[in-house]
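Asker: Residue numbers (this note's numbering): 29 to 520.
Ideal placement from N, C-alpha and C gives every residue a C-beta, glycine not left out.
1) Is the beta carbon of residue 477 closer than 8 Å to that of residue 415?
2) Under 8 Å between the Cβ atoms of residue 150 and residue 343?
3) Does the distance from the C-beta atom of residue 128 to that of residue 354 stay below 8 Å?
4) Taking the beta carbon of residue 405 as the centre, do at least 16 other beta carbons fall within 10 Å, making it buried, or is it exposed?
5) Are the stretch 309–329 and the stretch 174–186 touching, with three or more C-beta to C-beta distances below 8 Å?
6) According to DSSP, simplified to helix, strand and coil, what is residue 86?
7) Do you know offhand how far residue 454's Cα is from residue 419's?
8) Determine the contact status of residue 287 and residue 439, defining contact as a CB-CB distance below 8 Å.
9) Taking 8 Å as the CB-CB limit, is residue 222 close to chain B?
10) One question on the structure: do residue 101 and residue 259 come within less than 8 Å of each other, judged by their Cβ atoms?
11) Buried or exposed for residue 365, going by 16 or more other Cβ atoms inside 10 Å?
12) Could you tell me the alpha carbon to alpha carbon distance between residue 244 and residue 496, rounded to whole angstroms?
13) Provide the residue span of the alpha helix (DSSP H) that contains residue 444, from first to last.
14) At the level of alpha carbons, what is the spacing between residue 184 and residue 386?
15) Mind reading off the beta-carbon distance from residue 218 to residue 304? Whole number of angstroms is fine, and I expect it under 8 Å.
16) With a 10 Å radius around its C-beta and 16 neighbouring C-beta atoms as the bar for buried, classify residue 186 as buried or exposed.
17) Rounding to the nearest angstrom, what Cα-Cα distance links residue 201 and residue 502 in this structure?
18) Which partner residues of residue 226 appear in the DSSP bridge assignment?
19) If you compare alpha carbons, which of 122, 256 and 227 is closest to residue 516?
20) Can you give the Cα-Cα distance for residue 87 and residue 472, rounded to whole angstroms?
21) If residue 221 and residue 234 are in contact, beta carbons under 8 Å, what's the gap, nearest whole angstrom?
22) For residue 484, I'd like the list of residues in its chain whose CB is within less than 6 Å of its CB, leaving aside the five on either flank, ordered along the chain.
23) Expressed to the nearest angstrom, what Euclidean distance is found between the alpha-carbon atoms of residue 42 and residue 152?
24) Quick one: measure Cβ to Cβ for residue 106 and residue 291, integer angstroms, because I've assumed they're closer than 8 Å.
25) Pull up the distance between the alpha-carbon of residue 199 and that of residue 340, whole angstroms please.
26) Quick one: Cα of residue 54 to Cα of residue 375, how far?
27) Would you report the Cα separation of residue 284 and residue 426, rounded to the nearest angstrom?
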């Protein structure tokens, strides 16, 4: 849960307040993220490492039907984002989705959502650090893997420590690099299609490659289902814009704009790029363990461009890890404000940055180094952690939808007054929840993803034990009561 009231006074930032101090003089998170930061952070969240690297394996499993896989997932998650947007804007004292889950579902929900979201990004961050180490070997194959991992963690910590604006600027440029790379791929691919480019093995580029080898569903229904297992990981972080609410300038204007642009981003960055890739390289020729982006530029004879794409893939992983460090630090900071985490993690530096929470999260990323020394099992471990991440993110998305259903029942007047109503309302919530059940079932269909799925409940057992202890503590009860009182003041 984000910064809120304490027993000594409010530390929650008001809309448009960028001063960095509260009424009682206490420092609080400062609204330094401008519209361009919010827009690019939202784009960066929607374009994950899974698109650049995971799409190769997804294409090999599902064939051209992978296009529909990404469209369906994107369509469903758009409604999660709209539900989140309406809830965040219903009360500007909500600083993230763990706030409204705590308010609407109870303090246990804020605790479970906040810590699960923290763990989501720690797991994802570990996978990203492992990936970064692998990408660096493209240029320095003899370099010890632990060196780039340690350098990456240190660099990302240093980028986040100065101010939130430093994070915003870093993520702005990371996301811009990804956008330029994808647009370049689309342009080059279309040129290859319209000039009827022929690869060395005799395959000719053309849109008919989408259906001339077994149709759009060449691997059958189960191949289509298998595509969802990997593709869902490409979308983790799409809700990241929701954690910027406490530090966004003019959230009532910028959050809706960022959320509403999601369908266009998905169509352009996922669907169009995958159509181009499969049109140039028939789906059977896509190598599962290789980035189809790099492969297409190499096929075009643009060796230097392929190296540039490798750099883009590296920055994409760095962007994801950067977002993870940012979001986990803010979530832990908020949890500490409510007594759900050690008090030291709820302190801000003189630059209004939760430095202790940042270092706490970065310390857990160091476990990526141990993962790198696991030898031949690195790929299996990577698959395991990405599956665990996907399941935990689905839990967070489910809590957002559950909060919206309760919100519509308990506070219909706020829904009526909303200028950013969720399309489809409660009905679409249930549709999306049913889709999540389908995704869980899809993860049971392969041995490696099933194993990760069976491990995931251990996290909730640990959280349940921790909550049983924390919920009885007087400071926690007092802070939660103060939080509810502040929200009531805001509503009245």
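Answerer: If we stick to the structure as given:
1) Looking up residue 415 in the chain shown gives position 387. Looking up residue 477 in the chain shown gives position 449. For residue 415 and residue 477, yes; Cβs fall inside 8 Å.
2) Here residue 150 refers to the residue found at position 122 of the chain shown. Here residue 343 refers to the residue found at position 315 of the chain shown. Going by C-beta atoms, residue 150 is not nearer than 8 Å to residue 343.
3) One-based indexing of the chain shown puts residue 128 at position 100. One-based indexing of the chain shown puts residue 354 at position 326. Going by C-beta atoms, residue 128 is not nearer than 8 Å to residue 354.
4) Along the chain shown, one-based indexing puts residue 405 at 377. Bear in mind that a pLDDT of 47 at residue 405, under 50, signals an unreliable position, so the model cannot answer this.
5) no
6) In the chain shown, the residue the question calls residue 86 occupies position 58. If DSSP states are grouped into helix, strand and coil, residue 86 belongs with the helices.
7) The residue labelled residue 454 in the question sits at position 426 within the chain shown. The residue labelled residue 419 in the question sits at position 391 within the chain shown. For residue 454 and residue 419, the distance between alpha carbons rounds to 23 Å.
8) For the purposes of this step, residue 287 is taken as the residue at position 259 of the chain shown. For the purposes of this step, residue 439 is taken as the residue at position 411 of the chain shown. No. Outside cutoff.
9) No chain B appears in the structure shown, which is made up of a single protein chain.
10) On the chain shown, residue 101 is found 73 positions in, with the first residue counted as 1. On the chain shown, residue 259 is found 231 positions in, with the first residue counted as 1. Yes, the Cβ-Cβ distance between residue 101 and residue 259 is below 8 Å.
11) Mapped onto the chain shown, residue 365 falls at position 337. That one is buried.
12) Residue numbering aside, residue 244 sits at position 216 when the chain shown is read from its first letter. Residue numbering aside, residue 496 sits at position 468 when the chain shown is read from its first letter. So the alpha carbons of these two residues sit roughly 51 Å apart.
13) Within the chain shown, residue 444 is the residue found at index 416, counting from 1. Start and end: 440–445.
14) Taking the first residue of the chain shown as position 1, residue 184 is located at position 156. Taking the first residue of the chain shown as position 1, residue 386 is located at position 358. Looking at the two C-alpha atoms, the distance is approximately 10 Å.
15) As a position in the chain shown, residue 218 is number 190, starting the count at 1. As a position in the chain shown, residue 304 is number 276, starting the count at 1. That pair is a contact at about 6 Å.
16) Residue numbering aside, residue 186 sits at position 158 when the chain shown is read from its first letter. Burial call: exposed.
17) For the purposes of this step, residue 201 is taken as residue 173 along the chain shown, with counting starting at 1. For the purposes of this step, residue 502 is taken as residue 474 along the chain shown, with counting starting at 1. Looking at the two C-alpha atoms, the distance is approximately 45 Å.
18) Translated into the one-based positions of the chain shown, residue 226 becomes position 198. Beta-bridge pairing links residue 226 to 232.
19) As a first step, residue 516 must be located in the chain shown, where it is residue number 488. When each option's Cα is compared against that of residue 516, the closest is 122.
20) Against the chain shown, residue 87 aligns to sequence position 59. Against the chain shown, residue 472 aligns to sequence position 444. Whole-angstrom Cα-Cα distance: 20 Å.
21) For this step, residue 221 is matched to residue 193 along the chain shown. For this step, residue 234 is matched to residue 206 along the chain shown. With a Cβ gap of about 6 Å, residue 221 and residue 234 count as contacting.
22) Translated into the one-based positions of the chain shown, residue 484 becomes position 456. These residues qualify, in order along the chain: 416 and 419.
23) Stepping through the chain shown from its first residue, residue 42 is reached at position 14. Stepping through the chain shown from its first residue, residue 152 is reached at position 124. Reliability fails at residue 42, whose pLDDT of 39 lies under 50, so the model's placement of it is uncertain and the value that follows must be treated cautiously. If I take the Cα positions, the gap works out to 32 Å.
24) Within the chain shown, the letter at position 78 stands for residue 106. Within the chain shown, the letter at position 263 stands for residue 291. At roughly 6 Å, the Cβ-Cβ gap stays under 8 Å, so residue 106 and residue 291 are in contact.
25) Here residue 199 refers to the residue found at position 171 of the chain shown. Here residue 340 refers to the residue found at position 312 of the chain shown. Their Cα atoms are separated by approximately 13 Å.
26) Counted from its first residue, the chain shown places residue 54 at position 26. Counted from its first residue, the chain shown places residue 375 at position 347. Residue confidence for residue 54 is low, a pLDDT of 46 falling below 50, so the modelled location carries little weight; the figure read from the coordinates is stated next. One C-alpha to the other measures close to 10 Å.
27) The sequence position of residue 284 within the chain shown is 256, counting from 1. The sequence position of residue 426 within the chain shown is 398, counting from 1. Roughly 20 Å between the two C-alpha positions.
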